Amino acid sequence: MSENGSSASVGQDFEKKLDESDKSIASFNVKATSPFERIQHVLHNNPTLVPVIVLMLSLVVFGLIAGGKFFSAFNLSLILQQVSIIGILAAAQSLIIITAGIDLSVAAIMVLMSVVMGNLAVFMGVPTVLALFVGMAGGVGAGLMNGWFITRIKLPPFITTLGTWSIFYALLLWLSGAQSIRGQDIDTNAPFLKFFGESFNIGGARITLSAILMILVFLALWYMLNKTAWGRHVYAIGDDKEAAELSGIRTDRTLLSVYGLAGFICALGGWASIGRVGSISPQSFYEGNLDSITAVVIGGISLFGGRGSIMGALFGALIVGVFRSGLRLSGVDVLWQVFAIGWLIIIAVAIDQWIRRVSA
Amino acid sequence: MNTPVVQARGIVKRYGHVTAIDSSDFELRPGEILAVIGDNGAGKSSIVKAICGATIPDAGEILIEGKPVKFSSPIEAREMGIEIVYQNLALSPALSIADNMFTGRELRKKGFLGNVLRMLDKPAMEKFAREKLTELGLMTVQSIKQPVETLSGGQRQGVAVARAAAFATKFIIMDEPTAALGVKESRKVLELIKDVRAKGIPIILISHNMPHVFEVADRIHIHRLGKRLCTIDPKDYTMSDAVAFMTGAKEPPAKDLA
Numbered sequence: 000m001s002e003n004g005s006s007a008s009v010g011q012d013f014e015k016k017l018d019e020s021d022k023s024i025a026s027f028n029v030k031a032t033s034p035f036e037r038i039q040h041v042l043h044n045n046p047t048l049v050p051v052i053v054l055m056l057s058l059v060v061f062g063l064i065a066g067g068k069f070f071s072a073f074n075l076s077l078i079l080q081q082v083s084i085i086g087i088l089a090a091a092q093s094l095i096i097i098t099a100g101i102d103l104s105v106a107a108i109m110v111l112m113s114v115v116m117g118n119l120a121v122f123m124g125v126p127t128v129l130a131l132f133v134g135m136a137g138g139v140g141a142g143l144m145n146g147w148f149i150t151r152i153k154l155p156p157f158i159t160t161l162g163t164w165s166i167f168y169a170l171l172l173w174l175s176g177a178q179s180i181r182g183q184d185i186d187t188n189a190p191f192l193k194f195f196g197e198s199f200n201i202g203g204a205r206i207t208l209s210a211i212l213m214i215l216v217f218l219a220l221w222y223m224l225n226k227t228a229w230g231r232h233v234y235a236i237g238d239d240k241e242a243a244e245l246s247g248i249r250t251d252r253t254l255l256s257v258y259g260l261a262g263f264i265c266a267l268g269g270w271a272s273i274g275r276v277g278s279i280s281p282q283s284f285y286e287g288n289l290d291s292i293t294a295v296v297i298g299g300i301s302l303f304g305g306r307g308s309i310m311g312a313l314f315g316a317l318i319v320g321v322f323r324s325g326l327r328l329s330g331v332d333v334l335w336q337v338f339a340i341g342w343l344i345i346i347a348v349a350i351d352q353w354i355r356r357v358s359a
Numbered sequence: 000m001n002t003p004v005v006q007a008r009g010i011v012k013r014y015g016h017v018t019a020i021d022s023s024d025f026e027l028r029p030g031e032i033l034a035v036i037g038d039n040g041a042g043k044s045s046i047v048k049a050i051c052g053a054t055i056p057d058a059g060e061i062l063i064e065g066k067p068v069k070f071s072s073p074i075e076a077r078e079m080g081i082e083i084v085y086q087n088l089a090l091s092p093a094l095s096i097a098d099n100m101f102t103g104r105e106l107r108k109k110g111f112l113g114n115v116l117r118m119l120d121k122p123a124m125e126k127f128a129r130e131k132l133t134e135l136g137l138m139t140v141q142s143i144k145q146p147v148e149t150l151s152g153g154q155r156q157g158v159a160v161a162r163a164a165a166f167a168t169k170f171i172i173m174d175e176p177t178a179a180l181g182v183k184e185s186r187k188v189l190e191l192i193k194d195v196r197a198k199g200i201p202i203i204l205i206s207h208n209m210p211h212v213f214e215v216a217d218r219i220h221i222h223r224l225g226k227r228l229c230t231i232d233p234k235d236y237t238m239s240d241a242v243a244f245m246t247g248a249k250e251p252p253a254k255d256l257a
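From first to last, the protein sequence lines are chains A and B.
Heads up: the first sequence at position 153 corresponds to 152 in numbering that gives the first Met the number 0, and the numbers run straight through without jumps.
Heads up: the second sequence at position 67 corresponds to 66 in numbering that gives the first Met the number 0, and the numbers run straight through without jumps.
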């Protein structure tokens, strides 16, 4: 049993037959047999393709049904404006879902920080820039608090953020006294809080700065996730945390940074929401947590982590906006909008499961 | 004359009342494949884990190339050029082959793009990954960007071995590299292991598979009851002898005793 010869004669007795067998073991090309499988492979490699196709199709369909009312530059820019806040929350949510987590507290962080900024700048006479800074830092802090429970105490993200959702919500009711801060008070004391409500017109379209902010947030995150080592680590952790750890990623530190960044984006959304809503209301965006998850899921980002592109969440948010607007302009009752969104979620997850089954 | 690559003396590791490593020694020589065998629970994984920092021994000393070391994590061992191929591979299925080869040690672009914008140098990483896979005869077609999950078990193991071979400067630890593979794929991986040795990198091979061990190993470290029982030359003994030493059915000759 001491063969160290050339490869042809090496091996155990029972392996002799192998010489006759196919030697092309290390070829990496994938042979998709049916067109169905080929589609599966294409979608597997380009996870944003599904939401893009759905978005295009829904634009065409609602354009045909509702006609010019729907397809006007004004209405399309209105959709963009309407989805901007949920879109920003969805960006934060995507980051966390890519790590195989979930964050039920995103909207609570957002509204809490808008209340903090408003209280400081409007009622306490703090310079607006300083109030904004405190709000942003608070968002990071709230995110890090989630991250700390998840990485240090090893609590599941779902339970952690279910808890902090209530905690942040209670805090925001306390800080606001369950009262809204009126638009006029903001205008007289701290107009800069409404900065993202500013808009400009291009050929009938009314573009608000909050929509621009949303797109910038997505572009920045896309860059970070795809072009930096940090982003690759975020995906690796969502894919298989143990494997990521073994291949030398400091997973807890990366996760903490993800939650901190998500908290920051939520606070940014809080600032933008003041301009979008025109006032600061503790009751606003109560369903924002679930709406952000809806956008992420419809955008083809897998709830099991590690898969999907951040841009998917932007398209997901836009799909929801297009459905809402299209159905409304077609004269359909609001309850059917909700009905349609429900189906979209289920179909999106079913497609995700199907794509994940791809294997060589 | 030749300093051993790894020399461990009197390693002890206890878990409560259980002594996993009972004052064991260990030695890896330059350029060799050292197989570590032992019955289930003999502590062969424990001793190897102690060497790479995955567990911290309660007593004993570890010398790497003659210098004492104390690792607190496998990441520290990796920084010294010690690579580990895990049984469960430690690859991220959805990431590409190139991404996987560089996880945790990515290359960044030079200048502003890399230093400030932290941009990865993907072309350089892909080129390097392709070279390393070709070097080990693993690469016949392009797609280095293919996600690892679309590869077969043997190909994945190939990527893991290539990653270890590309970055190891001291030695590589392989934990049951053929355990999950079929006959044909095991063959490919065994050839890979020999290719890595041919590059001059010593290997610690933990395996249950006696034919594989006897085929590739230069020396066999037999672990029994938490310590090194003996180290044998596979040319002097049969597989049944090795199994007999391992289980205590037979006493190893005095010259080989630890």
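The C-beta atom is built at its ideal place from N, Cα and C for all residues, glycine as well.
Just so you know, these numbers come straight off a predicted model, no measurement behind them.
**Message:** If I follow the unbroken alpha helix (DSSP H) through Met223(A), where does it start and stop?
**Reply:** In the first sequence, counting from the first residue as 1, residue 223(A) sits at position 224. Note, Met223(A): alpha helix (DSSP H), 208-226.
**Request:** Taking Leu189(B) as part of the alpha helix (DSSP H), name the residues at either end of that continuous run.
**Result:** Position 190 of the second sequence, counted from the start, is the residue given in the question as residue 189(B). Residue range 182-197 is occupied by the alpha helix (DSSP H) that includes Leu189(B).
**Message:** Please classify Asn39(B) as buried or exposed, where buried requires at least 16 other C-beta atoms within 10 Å of its C-beta.
**Reply:** Locating residue 39(B) in the second sequence gives position 40, counting from the first residue. Burial call: exposed.
**Request:** Assuming Val4(B) and Ile172(B) form a contact by the criterion Cβ under 8 Å, report the distance between their Cβ atoms to the nearest whole angstrom.
**Result:** As a first step, residue 4(B) must be located in the second sequence, where it is residue number 5. As a first step, residue 172(B) must be located in the second sequence, where it is residue number 173. Between Ile172(B) and Val4(B) the Cβ distance is about 11 Å, and since that is not below 8 Å, they are no contact.
**Prompt:** Measuring CA to CA, which of Asn208(B), Asp235(B), Glu134(B) is closest to Lys198(B)?
**Reply:** Taking the second sequence and counting its residues from 1, the one referred to as residue 198(B) is at position 199. For the residues Asn208(B), Asp235(B), Glu134(B), the minimum Cα distance to Lys198(B) belongs to Glu134(B).
**In chain order, each alpha helix (DSSP H) run of at least 4 residues that lies wholly inside the segment 229-306 of chain A** = Segments of the alpha helix (DSSP H) lying fully in the segment 229-306 of chain A: 240-245, 250-276, 287-297.
**Request:** Evaluate Asn74(A) with the Cβ neighbour count: other Cβ atoms within 10 Å of its Cβ, from every protein chain shown; 16 or more gives buried, anything less gives exposed.
**Result:** Here residue 74(A) corresponds to residue number 75 of the first sequence, with the count starting at 1. Buried.
**Prompt:** Does DSSP put Gly4(A) in a helix, a strand or coil?
**Reply:** Sequence index remark: in the first sequence, residue 4(A) carries index 5 (1-based). The predicted model places Gly4(A) with a pLDDT of 40, which falls under 50 and marks its position as unreliable; any figure quoted below should be read in that light. Of the three classes helix, strand and coil, the one that applies to Gly4(A) here is coil, per DSSP.
**Request:** May I have a chain-ordered list of the alpha helix (DSSP H) segments no shorter than 4 residues that lie completely inside the segment 97-135 of chain A?
**Result:** The alpha helix (DSSP H) runs lying completely inside the segment 97-135 of chain A and spanning 4 residues or more are 105-117, given in chain order.
**Host beta strand (DSSP E) of Leu27(B) (start-end)** = As a working note, residue 27(B) is residue 28 in the second sequence. It spans 17-27 - the beta strand (DSSP E) in which Leu27(B) sits, taken as one unbroken run.
**Request:** Have a look at Arg37(A) and Phe61(A) and give me their C-alpha separation to the nearest angstrom.
**Result:** Along the first sequence, one-based indexing puts residue 37(A) at 38. Along the first sequence, one-based indexing puts residue 61(A) at 62. Annotation: Arg37(A) to Phe61(A) spans about 30 Å, alpha carbon to alpha carbon.
**Message:** Rounding to the nearest angstrom, what Cα-Cα distance links Gln156(B) and Phe25(B) in this structure?
**Reply:** Here residue 156(B) refers to the residue found at position 157 of the second sequence. Here residue 25(B) refers to the residue found at position 26 of the second sequence. Using only the alpha carbons, I get a separation of about 26 Å.
**Message:** With H, G and I counted as helix, E and B as strand and the rest as coil, what does DSSP make of Asp174(B)?
**Reply:** Here residue 174(B) corresponds to residue number 175 of the second sequence, with the count starting at 1. The three-state reading of DSSP puts Asp174(B) in strand, counting E and B together.
**Asked** Looking only at C-alpha atoms, which of Ser44(B), Ser185(B), Leu62(B) sits nearest to Arg8(B)?
**Response** Position 9 of the second sequence, counting from 1, holds the residue named residue 8(B). With respect to the C-alpha of Arg8(B), the residue from Ser44(B), Ser185(B), Leu62(B) having the closest C-alpha is Leu62(B).
**Three CB pairs or more closer than 8 Å across the segment 70-89 of chain A and the segment 282-294 of chain A** = Proximity of the segment 70-89 of chain A to the segment 282-294 of chain A meets the contact definition, three or more beta-carbon pairs being nearer than 8 Å.
**Item:** Burial state of Asp351(A) (16 or more Cβ within 10 Å)
**Value:** On the first sequence, position 352 is the one that residue 351(A) refers to. Buried: at least 16 other Cβ atoms inside 10 Å.
**Straight-line Cα distance separating Ala204(A) from Ser76(A)** = To locate residue 76(A), count along the first sequence from 1; it is residue 77. To locate residue 204(A), count along the first sequence from 1; it is residue 205. Distance between the alpha carbons of Ser76(A) and Ala204(A) is about 5 Å.
**Asked** For chain B, is any of its Cβ atoms less than 9 Å away from the one on Ser93(A)?
**Response** Mapped onto the first sequence, residue 93(A) falls at position 94. The Cβ of Ser93(A) sits no closer than 9 Å to any Cβ of chain B.
**Asked** In three-state DSSP terms, what is Ser308(A)?
**Response** Residue numbering aside, residue 308(A) sits at position 309 when the first sequence is read from its first letter. Correct three-state label for Ser308(A): coil.
**Message:** For a minimum of 4 consecutive residues, which ranges assigned as the alpha helix (DSSP H) are wholly contained in the segment 42-91 of chain B?
**Reply:** For the segment 42-91 of chain B, whole alpha helix (DSSP H) runs of length 4 or above, ordered along the chain, are 43-51, 73-78.
**Item:** Counterpart residues of Arg8(B) in DSSP-defined beta bridges
**Value:** Numbered from its first residue, the second sequence carries residue 8(B) at position 9. Paired residues: Glu60(B).
**Asked** By the 10 Å Cβ neighbour count, where 16 or more other Cβ atoms means buried, how is Ile205(B) classified, buried or exposed?
**Response** By one-based count along the second sequence, residue 205(B) stands at place 206. Looking at its Cβ environment, which holds 16 or more other Cβ atoms inside 10 Å, Ile205(B) is buried.
**Request:** Could you give the DSSP three-state label for Ala25(A): helix, strand or coil?
**Result:** Mapped onto the first sequence, residue 25(A) falls at position 26. Low per-residue confidence applies at Ala25(A): pLDDT is 46, beneath 50, and the placement is therefore not dependable, though the value from the model is reported in the following sentence. Three-state result, Ala25(A): coil.
**Positions along the segment 83-96 of chain B whose CB lies within less than 9 Å of some CB in chain C** = Protein chains in the displayed structure are A and B, and chain C is not among them.
**Item:** Cβ of Pro201(B) within 9 Å of any chain A Cβ
**Value:** As a first step, residue 201(B) is located in the second sequence; it is residue number 202 there, counting from the start. In terms of beta-carbon proximity, Pro201(B) stays away from the interface with chain A, with every pair separated by 9 Å or more.
**Asked** From the DSSP output, which residues share a beta bridge with Lys234(B)?
**Response** Numbered from 1 along the second sequence, position 235 holds the residue referred to as residue 234(B). DSSP lists no partner for Lys234(B).
**Prompt:** When you compare each of Leu112(B), Asp217(B), Gly152(B) to Tyr222(A) by their alpha carbons, which one comes out closest?
**Reply:** On the first sequence, position 223 is the one that residue 222(A) refers to. The shortest C-alpha to C-alpha distance from Tyr222(A) to any of Leu112(B), Asp217(B), Gly152(B) is the one to Leu112(B).
**Asked** Can you find a C-beta in chain B that's less than 9 Å from the C-beta of Gly305(A)?
**Response** Here residue 305(A) refers to the residue found at position 306 when the first sequence is read from its first residue. Chain B contact via Cβ: present.
**Asked** What do you get for Val16(B), buried or exposed, if any count of 16 or more other CB atoms within 10 angstroms of its CB means buried?
**Response** Here residue 16(B) refers to the residue found at position 17 of the second sequence. Sequence inspection shows His at residue 16(B); the Val mentioned does not correspond to that position. In summary, His16(B) is exposed, with fewer than 16 beta-carbon neighbours lying within 10 Å of its beta-carbon over all protein chains present.
**Distance, Lys240(A) Cα to Arg306(A) Cα** = As a first step, residue 306(A) is located in the first sequence; it is residue number 307 there, counting from the start. As a first step, residue 240(A) is located in the first sequence; it is residue number 241 there, counting from the start. Each residue's Cα considered, the two are about 13 Å apart.
**Message:** Between which residues of its own chain and Lys68(A) is the CB-CB distance below 6 Å, once the five residues before and five after are set aside?
**Reply:** The count along the first sequence starts at 1 and reaches residue 68(A) at position 69. Excluding sequence neighbours, Lys68(A) sits near Leu328.
**Prompt:** Are Leu119(A) and Ala130(A) close, meaning C-beta to C-beta below 9 Å?
**Reply:** Reading the first sequence from its first residue, position 120 is the one you call residue 119(A). Reading the first sequence from its first residue, position 131 is the one you call residue 130(A). Taking the C-beta atoms as reference points, Ala130(A) is found nearer than 9 Å to Leu119(A).
**Request:** Report buried or exposed for Phe361(A), applying the criterion of at least 16 other Cβ atoms within 10 angstroms of its Cβ.
**Result:** No answer is possible for residue 361(A): the residues shown for chain A start at 0 and end at 359.
**Message:** By the three-class DSSP mapping on this structure, what secondary structure does Ile318(A) have?
**Reply:** As a position in the first sequence, residue 318(A) is number 319, starting the count at 1. DSSP places Ile318(A) in helix when its eight states are reduced to three.
**Item:** In DSSP terms, what Ala198(A) is bridged to
**Value:** Taking the first residue of the first sequence as 1, we reach residue 198(A) at position 199. Here residue 198(A) turns out to be Ser, not Ala, going by the sequence shown. According to DSSP, Ser198(A) bridges with Thr207(A).
**Request:** Report yes or no: do three or more beta-carbon pairs, one from the segment 216-234 of chain A and one from the segment 99-107 of chain A, lie closer than 8 Å?
**Result:** With a cut-off of 8 Å, the segment 99-107 of chain A and the segment 216-234 of chain A do not count as touching, because too few Cβ pairs lie within range.
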